[in-house]
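Note that the protein sequences, when read in sequence, are chains A and B. Throughout, my numbering is defined as the position within the first sequence, counted from one, plus 509. Throughout, my numbering is defined as the position within the second sequence, counted from one, plus 509. Notes follow once the structure below has been shown.
2 protein chains.
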Amino acid sequence: MRRVAIIGIGITKFGEHWDKGIRELALEAGIKAIADAGLEGEKIDAGYVGNMAAGSFALQEHLGAMLADHLGLNPIPVVKVEAACASGAVAFRQAYMAVASGIHDIVVAGGVEKMTDLDTETVTKILSAAGDQEWEAFQGATFPSLYALMMRSYMLKYGATEEDFAYVAVKNHRHAKNVEYAQFRNEITLEQVMESKYVAEPIKVLDSSPISDGAAAVILTSLDQAYSYTSEPIEVLASSQATDTIALHDREDLSYVKATEIAATKAYKQANITPTHIDLAEVHDAFTIGEVMAIEALGFFERGEGYKAAREGWSTYGGKIVINPSGGLKGAGHPVGATGIKQIYEIVLQLRGKAGSRQVKNATYGLANNVGGSGATSVVTILGKVY
Amino acid sequence: MRRVAIIGIGITKFGEHWDKGIRELALEAGIKAIADAGLEGEKIDAGYVGNMAAGSFALQEHLGAMLADHLGLNPIPVVKVEAACASGAVAFRQAYMAVASGIHDIVVAGGVEKMTDLDTETVTKILSAAGDQEWEAFQGATFPSLYALMMRSYMLKYGATEEDFAYVAVKNHRHAKNVEYAQFRNEITLEQVMESKYVAEPIKVLDSSPISDGAAAVILTSLDQAYSYTSEPIEVLASSQATDTIALHDREDLSYVKATEIAATKAYKQANITPTHIDLAEVHDAFTIGEVMAIEALGFFERGEGYKAAREGWSTYGGKIVINPSGGLKGAGHPVGATGIKQIYEIVLQLRGKAGSRQVKNATYGLANNVGGSGATSVVTILGKVY
Chain A
510 MRRVAIIGIG ITKFGEHWDK GIRELALEAG IKAIADAGLE GEKIDAGYVG NMAAGSFALQ
570 EHLGAMLADH LGLNPIPVVK VEAACASGAV AFRQAYMAVA SGIHDIVVAG GVEKMTDLDT
630 ETVTKILSAA GDQEWEAFQG ATFPSLYALM MRSYMLKYGA TEEDFAYVAV KNHRHAKNVE
690 YAQFRNEITL EQVMESKYVA EPIKVLDSSP ISDGAAAVIL TSLDQAYSYT SEPIEVLASS
750 QATDTIALHD REDLSYVKAT EIAATKAYKQ ANITPTHIDL AEVHDAFTIG EVMAIEALGF
810 FERGEGYKAA REGWSTYGGK IVINPSGGLK GAGHPVGATG IKQIYEIVLQ LRGKAGSRQV
870 KNATYGLANN VGGSGATSVV TILGKVY
Chain B
510 MRRVAIIGIG ITKFGEHWDK GIRELALEAG IKAIADAGLE GEKIDAGYVG NMAAGSFALQ
570 EHLGAMLADH LGLNPIPVVK VEAACASGAV AFRQAYMAVA SGIHDIVVAG GVEKMTDLDT
630 ETVTKILSAA GDQEWEAFQG ATFPSLYALM MRSYMLKYGA TEEDFAYVAV KNHRHAKNVE
690 YAQFRNEITL EQVMESKYVA EPIKVLDSSP ISDGAAAVIL TSLDQAYSYT SEPIEVLASS
750 QATDTIALHD REDLSYVKAT EIAATKAYKQ ANITPTHIDL AEVHDAFTIG EVMAIEALGF
810 FERGEGYKAA REGWSTYGGK IVINPSGGLK GAGHPVGATG IKQIYEIVLQ LRGKAGSRQV
870 KNATYGLANN VGGSGATSVV TILGKVY
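Structure (structure tokens):
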């Protein structure tokens with residue numbers, strides 16, 4: 510296997526893009542990534558695009574061919590990959606494998622979702638397709654309610670309070686304030702979170718990531734070739750994916766994301782580092798409980814301790830590790846298929862030392878954890894500066 | 510790159526499965542493939558599943574995780590890949606790359622679609638998502654009408670008649686009669702095809718593949734390891750994918766599928782053979798014109814000559830090459846995501862010499878061509894006996 514590096518990154522603003530469709534969003538991110546790499550498009554050998562539900566959101570499938578066409582990349586193969594909210598990271602992993610193996614030299618990995626054209630009820634129904642339709646969604650178990658079960662289970666097990674989770678939302682909005690592509694650049698207070706309406710008790714509106722439009726893209730090549738394009742390639746040290754039962758009711762423990770632990774263990778082994786080496790991590794806070802479970806399964810905090818991190822300042826600047834410098838899904842927004850690539854975008858920016866006012870000092874290793882469904886797919890990617 | 514072989518194959522009956530969902534169909538094919546390989550499920554390292562539109566057909570996305578779960582494969586990564594009607598072959602190609610590169614040792618590639626739960630009008634609308642939604646489908650251009658434009662263009666250019674195309678349907682039904690998994694095991698006459706109603710002139714009902722449910726799966730491993738499971742592995746000699754414009758109106762020539770020619774040229778080069786070596790081919794006759802364009806772009810017949818093949822008996826047993834021994838999409842059925850894997854299933858069976866009454870004599874090389882949309886994605890796979 511060859512060493513793989515990222516040489517270009519691009520992203521759109523996350524939020525409501527009334528004037529743009531999937532095509533325009535994906536093109537903007539793709540073109541920015543190609544420009545950032547200082548690359549000519551003809552040099553790209555293949556592409557992977559993560560997208561969950563353009564078929565349901567916009568009656569548009571076949572995004573691989575569509576984006577190859579409109580990015581001017583024909584006739585190279587571009588493949589759409591879907592793994593619910595983890596579609597972006599899974600697409601990235603395929604691109605990584607294609608380069609690591611030597612099958613392709615320069616590969617673009619993108620993610621896109623356009624969600625705001627439909628009403629919230631329809632969007633919620635479409636997103637429920639990430640779980641088990643027959644055994645969960647059809648019974649009325651939407652994603653807020655599935656995560657509410659996990660949050661309730663966690664609270665009962667460890668004595669965490671709703672306030673503990675509210676601190677996660679407050680922190681992530683505070684981070685997002687400095688993020689130019691974030692959907693929400695406003696701070697929120699603990700009181701605002703606590704007073705926001707329940708979506709599915711104990712989860713409140715302000716525990717929840719929003720419905721978003723957006724796209725992100727990155728360009729990968731072998732580390733050897735990377736220096737032709739940039740003096741500062743960021744290396745992909747590991748990429749690992751694991752699965753768990755699709756239905757929440759089949760899990761052994763609702764307060765823990767086993768697939769994340771499995772993927773993380775493999776990823777640390779591949780990168781030959783431990784959780785203590787990681788300076789910053791982008792994790793999947795679709796709901797605040799998601800961040801808490803992630804930082805435990807990733808080994809940053811002990812089981813049953815993760816809920817204290819935001820409250821105590823351990824997971825922000827000046828703490829133990831910076832979790833979600835981008836503002837996470839809560840602050841930056843969550844255009845489903847784009848999220849996994851956005852996580853990688855932010856880490857690359859940080860490791861390049863180009864994150865401006867939100868720069869994590871001496872950032873050397875960064876980790877991204879993108880989760881699909883209620884934890885049925887989990888992908889862990891570790892990036893590092895090259896020495 | 511390692512040499513890759515297929516060691517197990519499985520398929521469901523194609524047709525209307527009122528009593529089965531995606532899950533049951535995929536499991537049946539997957540379990541048959543695992544059993545055929547004489548494998549224990551735990552030995553599988555990864556999976557890829559091709560599916561076009563389970564999100565729209567059944568409100569079920571995240572098929573990778575769902576199938577990993579229900580096939581008992583957790584926690585290995587299983588990835589859903591989508592490229593419209595070429596989803597199956599693209600999934601196969603990812604599995605091939607994963608094994609060839611040495612990243613994974615034993616990989617399952619499957620395809621599934623469950624289409625018959627909805628009315629024809631809704632299914633047609635969902636399938637239109639394979640084209641350009643904004644510039645084709647929204648204007649009323651369904652897939653029969655797009656292929657009608659190609660057929661009309663071909664007829665004008667080469668003087669082919671509707672009857673020439675009808676012979677393709679007659680041949681493929683005749684082939685399907687001997688195929689145990691085929692949806693239509695009845696012969697049809699030239700008169701029946703010619704007298705069937707127009708769907709989109711000049712395409713008639715009996716020029717068109719049906720709406721189908723079904724699944725297929727194959728198991729891949731390195732050629733070295735293959736002999737631990739079978740004395741007769743079938744080698745994957747080439748796998749190539751190319752793209753063209755997603756919208757038909759952007760093509761230079763409507764009577765030709767350029768992406769197929771590009772993919773085929775690469776595939777022949779990789780396999781180090783020429784079209785004359787191929788004994789049988791499974792091609793994408795979603796409509797009869799599809800088969801005619803495919804056998805030209807694949808180099809079996811000269812441009813402008815392909816329409817004569819079925820009429821003259823060149824593309825059946827005793828002719829130049831057997832095209833669609835499975836009955837093709839027309840005879841065997843077209844559960845979209847499963848079709849690309851079914852093509853490979855049939856070729857493996859033929860190359861093993863186990864195709865019974867439909868056995869192509871001395872079959873040594875077989876080719877599969879799976880097409881997405883009106884030709885925006887085309888995948889060519891070449892399989893061969895191992896000497």
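Beta carbons are placed, not taken as given, at the ideal position from N, Cα and C, and that holds for glycine.
Item                                                                                                                                                                                             : Value
Can a CB atom of chain B be found closer than 9 Å to the CB of Ile635(A)?                                                                                                                        : yes
With DSSP collapsed to three states, give me the class of Phe693(B).                                                                                                                             : coil
Any C-beta of chain D sitting closer than 9 Å to the C-beta of Thr651(A)?                                                                                                                        : The structure shown has no chain D; the protein chains it does contain are A and B.
Determine the closest residue to Asp753(A) out of Val513(B), Met575(B), Lys778(B), with distance taken between C-alpha atoms.                                                                    : Met575(B)
In chain B, what lies closer than 8 Å to Gln603(A) by C-beta?                                                                                                                                    : Val588, Gln603
Using a cut-off of 9 Å between C-beta atoms, extract the partners of Pro578(A) located in chain B.                                                                                               : Rather than Pro, the amino acid found at residue 578(A) in this sequence is Asp. Going along chain B in sequence order, the residues near Asp578(A) (Cβ under 9 Å) are Asp641, Thr752, Asp753, Thr754, Ile755, Ala756, Asp759, Ala885.
Which bits of chain A does His786(B) rub up against, with CB to CB less than 8 Å?                                                                                                                : In chain order: nothing, as chain A lies at least about 24 Å away.
Tell me which residues of the region 555-581 of chain A have at least one Cβ-Cβ distance to chain B shorter than 7 Å, keeping chain order.                                                       : Met561, Ala562, Gly564, Ser565, Ala567, Leu568, Gln569, Glu570, His571, Gly573, Ala574, Met575, Ala577, Asp578
Once the 5 residues before and after Val679(B) are set aside, which same chain residues still bring their CB inside 8 Å of it?                                                                   : Glu696, Ile697, Thr698, Leu699, Val702, Ala819
Find out if the Cβ-Cβ distance for the pair Leu807(B), Ala790(B) is shorter than 9 Å.                                                                                                            : yes
I'd like to confirm something about His613(A): is its beta-carbon nearer than 8 Å to some heavy atom of the ligand ATP, or not?                                                                  : The ligand ATP is not part of the structure shown, which contains no ligands of any sort.
Taking Ile743(A) as the query, report the chain B residues whose CB atoms sit under 9 Å from its CB, ordered along the chain.                                                                    : Chain B residues near Ile743(A): none, gap ~21 Å exceeds 9 Å.
Tell whether a beta-carbon distance below 9 Å holds between Thr655(B) and Glu645(B).                                                                                                             : Reading the sequence as shown, one finds Leu at residue 655(B) and not Thr. Their beta carbons are under 9 Å apart, which means Leu655(B) touches Glu645(B) by this criterion.
Do Gln750(B) and Val889(B) come within 9 Å of each other at the CB atom, strictly closer than that value?                                                                                        : yes
Kindly list the residues whose CB is nearer than 6 Å to the CB of Gly564(B), restricted to its own chain and excluding five residues on each side of it in sequence; keep chain order.           : Glu570
Please go through the same chain and pick out, in chain order, the residues whose beta-carbon is closer than 6 Å to the beta-carbon of Thr521(A), but skip the five residues on each side of it. : Leu534, Glu537, Ala538, Gly723, Ala724
Less than 9 Å between CB atoms is the rule here; does Pro844(A) satisfy it with respect to chain B?                                                                                              : no
Would you say Val599(B) reaches chain A, if we count a Cβ-Cβ gap shorter than 9 Å as a contact?                                                                                                  : yes
For a quick check, are the C-beta atoms of Ala639(B) and Gly881(B) less than 9 Å apart?                                                                                                          : yes
Give me the chain A residues within the contact set of Ser718(B), using Cβ-Cβ distance strictly less than 8 Å, ordered along the chain.                                                          : By Cβ distance, chain A contributes nothing, its closest Cβ being about 18 Å from Ser718(B), past 8 Å.
Distance check for Phe647(A) and Tyr874(B), CA to CA, integer angstroms please.                                                                                                                  : 47 Å
Measure from the C-beta of Gly881(B) to each C-beta in chain A and report whether the shortest distance is under 9 Å.                                                                            : yes
Since Ser654(B) meets chain A, which of its residues come closer than 7 Å, beta carbon to beta carbon?                                                                                           : Within 7 Å Cβ-Cβ: nothing; Ser654(B) doesn't reach chain A, min ~16 Å.
What number of angstroms, rounded off, separates the C-alpha of Lys713(A) from the C-alpha of Ser705(A)?                                                                                         : 6 Å
Would you call Gly620(A) buried or exposed, if buried means 16 or more other Cβ atoms sit within 10 Å of its Cβ?                                                                                 : buried
Near Val677(B), what residues of its chain come up, given a Cβ to Cβ distance below 6 Å and the 5 sequence neighbours on each side ignored?                                                      : Thr797, Glu800, Ala819
For Asp736(B), name the three-state secondary structure that DSSP assigns.                                                                                                                       : Note that residue 736(B) is Tyr in the sequence shown here, rather than Asp. Coil, per DSSP.
Put Gln868(B) into one of helix, strand or coil per three-state DSSP.                                                                                                                            : coil
For chain A, is any of its Cβ atoms less than 9 Å away from the one on Met606(B)?                                                                                                                : yes
Give me, in chain order, the residues of the same chain whose beta-carbon lies closer than 7 Å to that of Ile516(B); leave out the 5 immediate sequence neighbours on both sides.                : Ala546, Ile728, Thr730, Ala735, Tyr738, Thr739, Pro742
Count the other CB atoms, across all protein chains shown, that sit within 10 Å of the CB of Gly865(A); report buried if there are 16 or more and exposed otherwise.                             : exposed
Between Thr886(A) and Ala593(A), is the Cβ-Cβ spacing less than 9 Å?                                                                                                                             : yes
Going by beta carbon distance, what residues of the same chain come within less than 7 Å of Asp554(A), once the five residues before and after it are set aside?                                 : Ile585, His613, Asp614, Ile615, Val616
Does Asp788(B) come out as helix, strand or coil in the three-state DSSP assignment?                                                                                                             : coil
To which residues of the same chain is Asp673(A) closer than 6 Å at the C-beta, ignoring the five residues directly before and after it?                                                         : Tyr816, Arg820
Taking the continuous beta strand (DSSP E) assigned at Ile798(B), which residues delimit it?                                                                                                     : Element bounds for Ile798(B): not the beta strand (DSSP E) but the alpha helix (DSSP H), 797-806.
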